[in-house]
Every structure is written in structure tokens, then in C-alpha cells.
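**Q** full-length UniProt numbering applies: residue 1 is where the sequence shown begins, and numbers increase by one.
Structure below; questions to follow.
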Amino acid sequence: MDQNLNKIKELKHYIKAVEIEKKILAQNYNLDNELRIFDVEVILNGLPTFIHTYVIGENNQETLVMLHGFGGSSLTFYKMYKQLATRFRVFALDFIGMGLSDRQNFNVVENATQVINFFVNSIEQWRKVLGIQQFRIAGHSFGGYMAANYTVKYPSQVIETYLLSPMAGTKVTPENDLQSEERFQEFVNKQPFLRKWAMKYMRCQAENQKMTPGKLLKKWFIPGNYLLKRAVQSRLKISDKTEAELWKNFLKNIFKLPQSTEHHIHDLVSMPGAQARLSIEQVVMESPNKIDVEFTIMFGDDDWMNKTGCQRLFKENYLQGRVVEIKDAGHQLPFDQPDDITNKILEQTKINIQVK
Numbered sequence: 001m002d003q004n005l006n007k008i009k010e011l012k013h014y015i016k017a018v019e020i021e022k023k024i025l026a027q028n029y030n031l032d033n034e035l036r037i038f039d040v041e042v043i044l045n046g047l048p049t050f051i052h053t054y055v056i057g058e059n060n061q062e063t064l065v066m067l068h069g070f071g072g073s074s075l076t077f078y079k080m081y082k083q084l085a086t087r088f089r090v091f092a093l094d095f096i097g098m099g100l101s102d103r104q105n106f107n108v109v110e111n112a113t114q115v116i117n118f119f120v121n122s123i124e125q126w127r128k129v130l131g132i133q134q135f136r137i138a139g140h141s142f143g144g145y146m147a148a149n150y151t152v153k154y155p156s157q158v159i160e161t162y163l164l165s166p167m168a169g170t171k172v173t174p175e176n177d178l179q180s181e182e183r184f185q186e187f188v189n190k191q192p193f194l195r196k197w198a199m200k201y202m203r204c205q206a207e208n209q210k211m212t213p214g215k216l217l218k219k220w221f222i223p224g225n226y227l228l229k230r231a232v233q234s235r236l237k238i239s240d241k242t243e244a245e246l247w248k249n250f251l252k253n254i255f256k257l258p259q260s261t262e263h264h265i266h267d268l269v270s271m272p273g274a275q276a277r278l279s280i281e282q283v284v285m286e287s288p289n290k291i292d293v294e295f296t297i298m299f300g301d302d303d304w305m306n307k308t309g310c311q312r313l314f315k316e317n318y319l320q321g322r323v324v325e326i327k328d329a330g331h332q333l334p335f336d337q338p339d340d341i342t343n344k345i346l347e348q349t350k351i352n353i354q355v356k
């Protein structure tokens with residue numbers, strides 16, 4: 001391994017996060033014989049780097065690749081791997097610059113198309129190194145956005161695509177554009193006082209500093225431990241005290257690692273509202289490639305992501321497949337209803353095989 005690749009791995013917060021990751025996974029998996037953790041070395045923008053990776057399942061099974069959400073890691077799907085591995089050989093990767101993958105300055109041009117190309121290329125280079133041929137792909141939020149973009153660029157590589165509450169599915173119109181000062185003021189004035197203040201602060205920080213979770217938690221006036229504890233309990237739905245403490249400490253150490261690619265979220269969506277600068281809807285409609293891949297796109301029944309663009313893609317026959325509503329779930333589908341979405345992936349795969 002190139003000596004420069006070891007720099008991030010020598011940091012105390014990285015070492016601690018690796019230890020905690022194993023503790024969380026070891027509660028449900030045998031890390032010697034069942035789920036394997038390793039790093040895949042690739043070249044991105046001319047730089048040697050590595051992508052943190054999980055694999056579980058038998059070599060002779062069909063492949064499913066899983067992509068986590070913004071600022072997260074492959075631990076996102078920790079409640080899903082065991083059941084999915086009854087049908088697939090499951091790979092999961094930490095996006096470059098996130099989780100426990102490498103964190104360098106990759107000199108990515110700051111516009112939506114170039115950022116998408118960078119992340120999609122990282123997936124493709126990772127695939128080539130591992131020798132993965134055709135596969136199914138599933139992604140949550142930011143991972144769903146990148147799974148859709150990967151499928152559009154490399155449709156011949158993908159058998160089926162599963163998007164779990166994907167980010168930036170719907171194109172922005174003048175009627176709903178929160179970058180318009182008038183629309184923004186109309187929107188925030190309908191919010192409770194504290195949320196109104198938070199949205200104005202978020203917009204200001206996004207525009208001026210390209211704020212990320214890591215940057216935010218380093219602010220002296222931000223109660224980081226409290227916010228992480230609340231996030232683990234309310235957003236990730238982790239009630240066991242020991243496990244919740246592990247997750248809180250994992251996230252705390254991850255967010256203390258050097259910033260790398262996380263700020264590029266602002267090249268893809270605007271804040272607040274995570275409105276698309278280049279939506280899945282636009283990418284699919286403008287694609288020169290014929291997309292014969294079956295899509296299943298899931299949203300929670302209490303999801304804040306806008307699903308109308310994804311619905312239009314099916315209605316207007318740009319994509320084949322369906323939008324599925326998950327009961328008693330918000331945006332965090334892998335935490336809210338891991339068994340339900342796992343079953344739906346397994347069931348839909350079975351149906352599609354029978355149809356073919």
C-alpha cells in the first residue's frame with residue numbers, strides 16, 4: 001500500500017472509529033467467517049486512495065451493492081445484511097471521503113455534473129478492482145442518488161436498481177424553488193420559531209461556508225454530544241443504551257476526521273430542503289442511454305423527500321418499475337423499517353426473475 005494511504009489510518013479518531021465499527025457489527029455478525037471488512041485500493045483523479053468495504057454471502061450468489069447516505073457509512077444497513085445474504089453476495093462501500101474510506105483533497109470541480117461523475121467513477125473503479133460483473137444496486141438518500149446516476153451511466157452493468165428515499169429525485173421549478181428569496185421567506189414564515197431560526201442559519205452557513213455535519217459539530221456553541229445522542233435515539237431509532245452509546249461515539253469520531261468530499265453536497269442540493277441542482281428526474285429524462293433496468297423506489301409514508309419527480313418518471317415511461325410506500329417510516333428507511341425494505345427487495349427480485 002502507498003505510504004500516503006496510511007496517513008488517515010494513523011489518526012486516533014480513525015483508529016477509534018474502526019474499533020467501534022467492529023463492536024457494532026460483532027453484535028450481529030461473526031467478523032471472521034460471516035461478514036468481512038476490507039479496503040479496496042483505487043486511483044481517483046490521479047491519486048492512490050482506498051474505499052472501505054464490507055462483503056457477506058456466498059461467492060456463487062448474485063451480487064448486490066449497497067450505498068449509504070450522506071455523511072454516513074456502510075453501518076447504515078447493519079440490520080439488513082444477514083437477511084439479504086440469504087439471497088445475495090452483498091457488498092457495501094463507504095463513499096470516498098465519508099465513513100472509513102480515505103479522506104484526501106481530490107480537487108473535484110465544484111458543479112453538480114463533475115461531482116456526480118467523481119462519485120460514479122469511484123464506484124466503477126471499485127467494481128473493476130473487485131471484478132464484479134453485472135449486479136443489483138441499492139442506495140439510501142445520497143446513496144440512492146448515486147445509484148440512480150450510476151445506473152443511467154452504466155445501464156448494461158446493472159440488473160435492478162433499488163432507491164431507498166433517494167435524495168434529489170424531483171427537479172426544481174420556479175413555483176417551488178427555495179433559492180428564490182420570496183419563496184424562501186414564504187416557506188420559513190410558516191415554520192415554528194426555532195425551526196425558522198435553524199433554517200435561516202442553515203441557509204446562511206450553506207451559502208457562505210458549505211457547512212457539513214463535521215464542521216457544525218466543531219462549532220464551540222453547538223452541543224455536539226447532545227445532538228448526536230438525540231440523532232441516535234430519534235432518527236436512527238436505536239433504543240438499547242449500550243448500542244446507542246457505541247453509535248454516538250462512532251459518529252463523533254467519524255465527524256472529527258478531516259473533511260474531504262462532504263462539502264460537495266452543496267454542489268448537488270441547496271439548503272434548506274435538499275432541493276436538487278441536477279435531479280434524478282432530469283438525469284434520466286436527458287440520458288442518451290436506453291435504460292432497460294427495473295427500478296423500485298421506496299419512500300416512507302412520513303418521508304420529507306419529494307417523490308413527485310420519481311413518480312413522473314414511471315408515469316411518463318422514462319423508467320420501468322414502481323414507487324413503493326413504506327408504512328410507519330420517514331426518510332431513514334434502513335433504521336425505521338429494515339425488515340420491511342429487505343423483504344421488498346427480496347420479493348421484487350423474485351418477481352422480476354419469474355417475469356424474465
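Don't be surprised by glycine CBs; every beta carbon is placed ideally from N, CA and C.
Every value quoted in this text rests on a predicted model; they were computed, and no experiment measured them.
Taking the beta strand (DSSP E) that Pro48 belongs to, which residues open and close that run?
**A** Here residue 48 refers to the residue found at position 48 of the sequence shown. Taken as a continuous stretch (DSSP letters only), the beta strand (DSSP E) holding Pro48 covers Leu47 to Ile56.
**Q** Look up Arg87 in the DSSP assignment and say whether it is helix, strand or coil.
**A** The residue given as residue 87 occupies position 87 in the sequence shown. If DSSP states are grouped into helix, strand and coil, Arg87 belongs with coil.
**Q** Using three-state DSSP, classify Arg286 as helix, strand or coil.
**A** If you number the sequence shown from 1, residue 286 lands on position 286. The sequence as given places Glu at residue 286; Arg does not occur at that position. In the structure shown, Glu286 sits in coil (DSSP, three-state: anything other than H, G, I, E or B).
**Q** Using 8 Å as the threshold, is the region 58 to 65 in touch with the region 318 to 330, meaning 3 or more CB pairs across them?
**A** No, the region 58 to 65 does not touch the region 318 to 330.
**Q** What does the alpha-carbon distance come out to for the pair Trp220 and Phe299?
**A** Residue numbering aside, residue 220 sits at position 220 when the sequence shown is read from its first letter. Residue numbering aside, residue 299 sits at position 299 when the sequence shown is read from its first letter. Caution is warranted here: a pLDDT of 38 is assigned to Trp220, below 50, making its placement in the model unreliable, and the coordinate value is therefore given only provisionally. Distance between the alpha carbons of Trp220 and Phe299: 36 Å.
**Q** Just the C-alpha distance for Asn343 and Arg103, rounded to the nearest angstrom, thanks.
**A** The residue given as residue 343 occupies position 343 in the sequence shown. The residue given as residue 103 occupies position 103 in the sequence shown. Answer to the nearest angstrom: the Cα atoms are 34 Å apart.
**Q** Quick one: what's got a C-beta closer than 6 Å to Val158's C-beta in the same chain, skipping five residues either side?
**A** The residue you call residue 158 lines up with position 158 of the sequence shown. These residues qualify, in order along the chain: Ile137, Thr151 and Val293.
**Q** Taking three-plus beta-carbon pairs below 8 Å as touching, is the region 264 to 277 in contact with the region 158 to 170?
**A** Touching, per the Cβ criterion.
**Q** Exposed or buried, which one is Lys248 when buried takes at least 16 other CB atoms within 10 Å?
**A** Residue 248 sits at position 248 when you count from the first residue of the sequence shown. Per the 10 Å Cβ criterion, buried.
**Q** Run through DSSP, which three-state label would Asp39 get?
**A** Here residue 39 corresponds to residue number 39 of the sequence shown, with the count starting at 1. Residue state, collapsed to three classes: strand.
**Q** Assign His331 to one of three DSSP states: helix, strand, or coil.
**A** Stepping through the sequence shown from its first residue, residue 331 is reached at position 331. Here His331 sits in coil by DSSP.
**Q** Hey, quick one: how far does the beta strand (DSSP E) through His140 stretch, first residue to last?
**A** Taking the first residue of the sequence shown as position 1, residue 140 is located at position 140. Residues Phe135 to His140.
**Q** Roughly how many angstroms lie between the CA atoms of Ile351 and Leu236, to the nearest whole one?
**A** If you number the sequence shown from 1, residue 351 lands on position 351. If you number the sequence shown from 1, residue 236 lands on position 236. So the two alpha carbons sit approximately 30 Å from each other.
**Q** Please determine, among Trp126, Asn45 and His13, the residue with the shortest C-alpha to C-alpha distance to Leu100.
**A** Counted from its first residue, the sequence shown places residue 100 at position 100. Checking every option, the nearest Cα to that of Leu100 belongs to His13.
**Q** The alpha helix (DSSP H) spanning Ile123 covers which residue range?
**A** Reading the sequence shown from its first residue, position 123 is the one you call residue 123. Taken as a continuous stretch (DSSP letters only), the alpha helix (DSSP H) holding Ile123 covers Ala112 to Leu130.
**Q** Among residues of its own chain, excluding the 5 on either side of Ile345, which ones have a beta-carbon nearer than 6 Å to its beta-carbon?
**A** Working through the sequence shown from its first residue, we reach residue 345 at position 345. Closer than 6 Å at the Cβ level, and outside the excluded window around Ile345, lie Tyr162.
**Q** Check this for me: beta carbons of Val232 and Ser122, under 8 Å apart or not?
**A** Here residue 232 refers to the residue found at position 232 when the sequence shown is read from its first residue. Here residue 122 refers to the residue found at position 122 when the sequence shown is read from its first residue. Cβ atoms of Val232 and Ser122: not closer than 8 Å.
**Q** With a 10 Å radius around its C-beta and 16 neighbouring C-beta atoms as the bar for buried, classify Leu31 as buried or exposed.
**A** For the purposes of this step, residue 31 is taken as the residue at position 31 of the sequence shown. Exposed, since its Cβ has fewer than 16 Cβ neighbours within 10 Å.
**Q** At what residues does the beta strand (DSSP E) containing Ile297 begin and finish?
**A** As a first step, residue 297 must be located in the sequence shown, where it is residue number 297. Taken as a continuous stretch (DSSP letters only), the beta strand (DSSP E) holding Ile297 covers Glu294 to Gly300.
**Q** Between which two residues does the alpha helix (DSSP H) carrying Leu25 extend?
**A** Numbered from its first residue, the sequence shown carries residue 25 at position 25. Lys12 to Ala26 is the span of the alpha helix (DSSP H), which, as asked, contains Leu25.
**Q** Should Pro288 and Thr76 be called a contact, given that it needs their Cβ atoms to be closer than 8 Å?
**A** Residue numbering aside, residue 288 sits at position 288 when the sequence shown is read from its first letter. Residue numbering aside, residue 76 sits at position 76 when the sequence shown is read from its first letter. Going by C-beta atoms, Pro288 is not nearer than 8 Å to Thr76.
**Q** I'd like to confirm the pairing. Which residues does DSSP put opposite Val162 in its beta bridges?
**A** Taking the first residue of the sequence shown as position 1, residue 162 is located at position 162. Per the sequence shown, the amino acid found at residue 162 is Tyr instead of Val. According to DSSP, which records beta bridges pairwise, Tyr162 is partnered with Ala138 and Thr296.
**Q** How far does the alpha helix (DSSP H) with Thr170 in it extend, from its first residue to its last?
**A** Translated into the one-based positions of the sequence shown, residue 170 becomes position 170. It is not in any alpha helix (DSSP H) - Thr170 carries neither H nor E in the DSSP assignment.
**Q** Pull up the DSSP beta-bridge partners for Ala92, would you.
**A** Taking the first residue of the sequence shown as 1, we reach residue 92 at position 92. Partner(s): Tyr54 and Met66.
**Q** Alpha carbon to alpha carbon, how far is Gly97 from Ile51? Give it in angstroms, no decimals.
**A** Reading the sequence shown from its first residue, position 51 is the one you call residue 51. Reading the sequence shown from its first residue, position 97 is the one you call residue 97. Straight-line Cα distance between these residues: approximately 9 Å.
**Q** What is the rounded straight-line gap between the Cα of Asn105 and the Cα of Leu93?
**A** As a working mapping, residue 105 is identified with position 105 in the sequence shown. As a working mapping, residue 93 is identified with position 93 in the sequence shown. Going by the C-alpha atoms only, they are around 19 Å apart.
**Q** Could you spell out the range, first to last residue, of the alpha helix (DSSP H) harbouring Gly309?
**A** Position 309 of the sequence shown, counting from 1, holds the residue named residue 309. Unbroken alpha helix (DSSP H) run through Gly309: Thr308 to Lys315.
**Q** What does a CB cutoff of less than 8 Å around Ser260 pick up in its chain, not counting 5 residues either side in sequence?
**A** Numbered from 1 along the sequence shown, position 260 holds the residue referred to as residue 260. For Ser260, where only same-chain residues beyond five positions count, the Cβ hits under 8 Å are Ile96, Gly97, Met98, Asp102, Arg103, Gln104, Asn105 and Phe106.
**Q** Should Ala26 go down as buried or exposed, given a rule of 16 or more other Cβ atoms within 10 Å for buried?
**A** Here residue 26 is taken as the residue at index 26 of the sequence shown, counted from 1. Ala26 comes out exposed.
**Q** Report the residue from Ser141, Glu281, Ile15 and Arg89 whose alpha carbon sits nearest the alpha carbon of Leu130.
**A** Within the sequence shown, the letter at position 130 stands for residue 130. Taking only the C-alpha atoms, the option nearest Leu130 is Arg89.
**Q** Taking C-alpha atoms, which residue in Leu47, Gln133 and Phe142 lies nearest to Phe70?
**A** Numbered from its first residue, the sequence shown carries residue 70 at position 70. Of the listed residues, the one whose Cα sits closest to Phe70 is Phe142.
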